[in-house]
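Reading through the structure tokens given below for one structure.
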Amino acid sequence: MISHLIQDPPKINYIESPAKIDALSDHWGQLVPLASTFDHVDGLFYFTYIVCIFFFVLIAGVLAYSVAKYRRKTWDQPAVSNVTHNTPLEVIWTIIPLIIVMVMFAWGWKGSLDMTVAPADAVQYKAVAKQWSWTFYYPNSKVQSFNEFWVEIDKPAAFTLQSTDVLHAFFLPAMRVKRDIVPGRQGTLWFHPTTKGEYHLFCAEYCGGDHSKMYAKLHVVSAEDYAKKPWDVLKDSTPQEAAASGENLYKQLCISCHSVNGTAGTGPTWKGLFSKQGDNYLGRQREVVTPDGGTQTITVDEAYITESIRKPNEKKVAELPYRNNNMSAFADLDDRRVNCLIAYMKTLADN
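First residue of the sequence shown? That's 6 in my numbering, and the numbers climb one at a time after it.
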């Protein structure tokens, strides 16, 4: 039911759940098993489902009966009736569907409001969407996480939603919550997780060429694991660990626009940004466009890459089509993570 949102839907792994789950939907074709307290979403779904089945069978049955009973048996058989209008019948088939639709509307409206009004004890987070990644902010923490985030089980989690560019949507099927994120406006949403595990967050509004790759992972963990701040774990004590962490960050944040094998993409490839001479890495020469519209030749180094990550429009690559494309700024990416990305870039150096 949600596989159309991504090109290669990842497998959902449930760490602790009441039963083993192998599919993305149940036998009714409903969403992934419920992992929050928003069960009214399922109730409305099944109510609508039953109403549709009932009226389909009713209308199809009346049609089939009428076709069989009143079919023309001879070519000159007169019409059974010349009645063309029945006011009471029209009133009935107008009022009854109207009442049913209004019940659905009221049910859905209340559920939609419930998702935006968080309880007083909810833990406050912030989720920022951009083409094509997610950034998550935590209470009492200066470190953000990218394309994956952690919440504590049985603790209501409230999110302030923001977009830095275009329309996005925060859609967590397992939690039964969805909220559009309109640029220039701030939205709110909350849920109460009830089952530990890993769940997927999708952008459910078309937001550009790589919309289908814009998904993140939610980790619902115990209080003990949450206290360890798993979003603040970064291995960079050695060059090898830093490069490995940089590769993971590349897959989370950069893979949709930049290749590492020389293939052209929305942004320039990372392959060959550096050349290796002995134990030293030398940056290549690159022509860039300055903010005043002029061009200059620079040498790729750590300072240039850091600036390109945090202020990508300061020195855009002059080569077409890159000079006409825009990159999302990662102004909140801390120095350690930037250095990990640079370490990974150096592993792609030409010898």
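Glycine is no exception: its CB is placed at the ideal position from the N, C-alpha and C atoms. In this text, all values refer to a predicted model and were calculated from it rather than measured experimentally.
Buried/exposed call for residue i, threshold 16 Cβ in 10 Å
| i | result |
| --- | --- |
| Met107 | exposed |
| Lys135 | buried |
| Pro273 | buried |
| Cys212 | buried |
| His90 | exposed |
| Glu210 | buried |
| Arg184 | buried |
| Val67 | exposed |
| Arg342 | buried |
| Val96 | exposed |
| Val88 | exposed |
| Trp275 | buried |
| Ala73 | exposed |
| Leu254 | buried |
DSSP bridge partner residues for residue i (one or two, in chain order)
| i | result |
| --- | --- |
| His216 | None, per the DSSP bridge assignment. |
| Arg291 | Ile303 |
| Val322 | Val293 |
| Ala163 | Gln129 and Trp195 |
| Phe61 | According to DSSP, which records beta bridges pairwise, Phe61 is partnered with nothing at all. |
| Ala221 | Leu206 |
| Asp355 | Ser280 |
| Tyr286 | Lys281 |
| Val226 | Glu157 |
| Tyr142 | Lys131 |
| Ala69 | Looking at the DSSP assignment, Ala69 forms no beta bridge with any residue, so it has no partner. |
Beta-carbon spacing of residue i, residue j below 7 Å
| i | j | result |
| --- | --- | --- |
| Ala123 | Ala163 | yes |
| Ile347 | Glu307 | yes |
| Val305 | Arg315 | no |
| Tyr349 | Gly277 | no |
| Glu203 | His224 | yes |
| Ala40 | Ala179 | yes |
| Gln257 | Phe151 | yes |
| Tyr70 | Val85 | no |
| Trp137 | Met219 | yes |
| Thr42 | His197 | yes |
| Lys160 | Val128 | yes |
| Glu312 | Ala221 | no |
| Asn344 | Thr271 | no |
| Phe176 | Phe207 | yes |
| Gly113 | Leu194 | no |
| Glu157 | Tyr54 | no |
Inter-residue Cα distance where the pair is residue i and residue j
| i | j | result |
| --- | --- | --- |
| Val238 | Thr352 | 22 Å |
| Gly189 | Gln167 | 8 Å |
| Val294 | Arg328 | 7 Å |
| Asp27 | Pro38 | With a pLDDT of 35 at Asp27, under the threshold of 50, the modelled position of that residue is not reliable, and no figure is offered here. |
| Val56 | Glu246 | 57 Å |
| Ala354 | Ser242 | 21 Å |
| Ser333 | Pro317 | 7 Å |
| Pro102 | Met120 | 27 Å |
| Gly298 | Glu319 | 10 Å |
| Gln301 | Ala323 | 9 Å |
| Ala336 | Trp139 | 13 Å |
| Trp98 | Val62 | 16 Å |
| Tyr130 | Ser217 | 24 Å |
| Gly288 | Lys115 | 58 Å |
| Thr200 | Gln191 | 28 Å |
| Leu338 | Ala125 | 30 Å |
| Thr169 | Ile310 | 21 Å |
| Thr268 | Val187 | 33 Å |
| Phe279 | Leu118 | 52 Å |
| Asn266 | Trp236 | 29 Å |
| Pro244 | Gly214 | 34 Å |
| Thr165 | Tyr51 | 30 Å |
| Gln82 | His45 | 54 Å |
| Asp340 | Val148 | 11 Å |
| Ile303 | Lys233 | 42 Å |
| Lys321 | Gln282 | 27 Å |
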